[in-house]
Every structure is written in C-alpha cells, then in structure tokens.
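Quick note: the sequence shown uses UniProt numbering, first residue 1, plus one each step.
C-beta: ideal position from N, C-alpha, C; glycine also.
A short worksheet on the structure shown next.
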Amino acid sequence: MAWSTTPQGLFLAAGQANQFSFSFGDIWKGPQLATPKLDASQGGGGTKVLVTQWQGTANEPVFGGPSRQWYALGIHNSSNSGIWFHLEGGVLA
Numbered sequence: 001m002a003w004s005t006t007p008q009g010l011f012l013a014a015g016q017a018n019q020f021s022f023s024f025g026d027i028w029k030g031p032q033l034a035t036p037k038l039d040a041s042q043g044g045g046g047t048k049v050l051v052t053q054w055q056g057t058a059n060e061p062v063f064g065g066p067s068r069q070w071y072a073l074g075i076h077n078s079s080n081s082g083i084w085f086h087l088e089g090g091v092l093a
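As structure tokens, this is what we get:
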C-alpha cells in the first residue's frame, strides 16, 4: 500500500526542524515509513535537502475512549531555503 499527502501541504523553514504527524482517518494501518519529497522552495541557491531524523508513533488520549495512534516523523531542513513538501510512504516490510 503506497500513499502520498497533498502536494505543497507541508512547509519547513530554512535551517529548521519539526515534527510532522499523519493518520489514515484514525484507522491503524500497521507500521508505516514516510519520506519527505520536495514540491517547491522559496528560492535561494544551493541544494535543497530534507533529512528525516526519526520516525515513530504517537498516542493521542481521547476522553471516554481508547487513544488514537498517529504516525510521526522528525524532519530537518538543512538548506538555506524554506521548502514546501509532501510525504510519500508505504507499509513497513
């Protein structure tokens, strides 16, 4: 099962790192791996690089019910330009 988020739906500023989360409509699909793919940038010279620092899952407590599981990954933008990107992924073999 391969999947992709909406193009240009995510942004990371130059030299910044952040956590990004995704789900499949609150349905657990088993282990997932995601890769950030460049859509556009704010310009500037040099190589545009997004580095996945870690991947994992996160639990979100829900009042009166079971917790929801989200997929999460930490991404670092080591370039000198802000980058718009989407995530591509699939089932972990």
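Host beta strand (DSSP E) of residue i (start-end)
i: A72; result: R68 to N77
i: A58; result: L50 to E60
i: F11; result: L10 to L12
For residue i, the three-state DSSP class (helix, strand or coil)
i: K37; result: strand
i: Q18; result: Correcting the residue type first, residue 18 is Asn in the shown sequence and not Gln. DSSP places N18 in strand when its eight states are reduced to three.
i: S4; result: strand
i: A93; result: Caution applies to A93, whose pLDDT of 49 falls short of 50 and renders its modelled position unreliable; the model cannot decide the point.
i: I83; result: strand
i: Q42; result: coil
Proximity winner among the options, relative to residue i (alpha-carbon distances)
i: W3; options: A14, G9, F11 and L33; result: L33
i: Q55; options: Q19, A40 and L10; result: Q19
i: G69; options: F63, N59 and N77; result: According to the sequence displayed, residue 69 carries Gln and not Gly. Nearest of F63, N59 and N77 to Q69, Cα basis: N59.
i: G65; options: D26, S41 and P31; result: D26
8 Å contact criterion, which residue i and residue j should meet: CB distance rounded
i: I75; j: A17; result: 7 Å
i: L38; j: T52; result: Going by Cβ atoms, the distance from L38 to T52 rounds to 13 Å, so no, they are not a contact pair.
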